[in-house]
Amino acid sequence: MADALSRLPQYQSTRDIIIQPLVENECCKTIELSNQLKDINLDMLRTAIAQDEWLKKNPSICSYKNGLAWQGSKLYVPDNCRSYVLSICHDAKQAGHFGFLKTLHLAKRQFWWPNMRSTVKTYVKLCRNCAISKPQIGKPMGLLQSVSEPT
Numbered sequence: 004m005a006d007a008l009s010r011l012p013q014y015q016s017t018r019d020i021i022i023q024p025l026v027e028n029e030c031c032k033t034i035e036l037s038n039q040l041k042d043i044n045l046d047m048l049r050t051a052i053a054q055d056e057w058l059k060k061n062p063s064i065c066s067y068k069n070g071l072a073w074q075g076s077k078l079y080v081p082d083n084c085r086s087y088v089l090s091i092c093h094d095a096k097q098a099g100h101f102g103f104l105k106t107l108h109l110a111k112r113q114f115w116w117p118n119m120r121s122t123v124k125t126y127v128k129l130c131r132n133c134a135i136s137k138p139q140i141g142k143p144m145g146l147l148q149s150v151s152e153p154t
């Protein structure tokens with residue numbers, strides 16, 4: 004007796020069926036975000052790297068290629084460009100205003116700078132949108148009570 008897997012197909016469909024996911028894939032978001040990170044103005048970075056004080060004091064930490072400083076495979080981000088990189092990694096629609104650790108991991112994939120952890124932590128802590136939408140922790144406020152008139 005033949006089962007469904009061993010039978011020859013008898014029906015041939017004349018149209019292709021396209022299945023689209025209802026929920027956007029996390030991988031697609033990451034690819035879209037990494038494309039956005041690639042669009043960083045490299046000329047602006049080259050100028051900032053040439054004027055960066057930290058790199059002048061520590062020239063042996065990074066290698067240089069095409070006017071950019073690299074720490075291994077990660078691009079060094081000068082001080083005046085860090086807020087722009089963090090806005091892409093945290094504030095962008097694809098980034099989703101995630102917390103400190105996810106923002107740090109996203110930034111660490113392609114970028115490096117000294118004290119990166121504390122910079123990202125401060126940036127996420129001071130994010131206005133995150134502070135507004137963050138749930139309050141602690142006890143709820145008590146009921147209002149009227150104050151008696153002084154005699």
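If you're matching positions, the sequence shown starts at 4 in my numbering and goes up one per residue.
All residues carry an ideal CB built from backbone N, CA and C; glycine is no exception.
Start-to-end residues for the beta strand (DSSP E) that takes in W73: L71 to Q74
Continuous alpha helix (DSSP H) stretch holding S66: start and end: S66 -> not in any alpha helix (DSSP H); beta strand (DSSP E) instead, spanning S66 to K68.
For W57, which of helix, strand or coil comes out of DSSP? helix
With a CB to CB cut of under 7 Å and the five nearest residues on each side skipped, what residues in its chain are close to K105? none
Leaving out the 5 sequence neighbours to the left and right, which residues in its chain are closer than 8 Å to L71 when beta-carbon positions are compared? L45, L48, R49, I52, L78 and Y79
Under three-state DSSP, which class holds K105? helix
Contact check, H100 vs C130, beta carbons under 8 Å: yes
Ignore the nearest five residues each way along the sequence and tell me which others in P81's own chain have a CB closer than 6 Å to its CB. A51, I52 and D55
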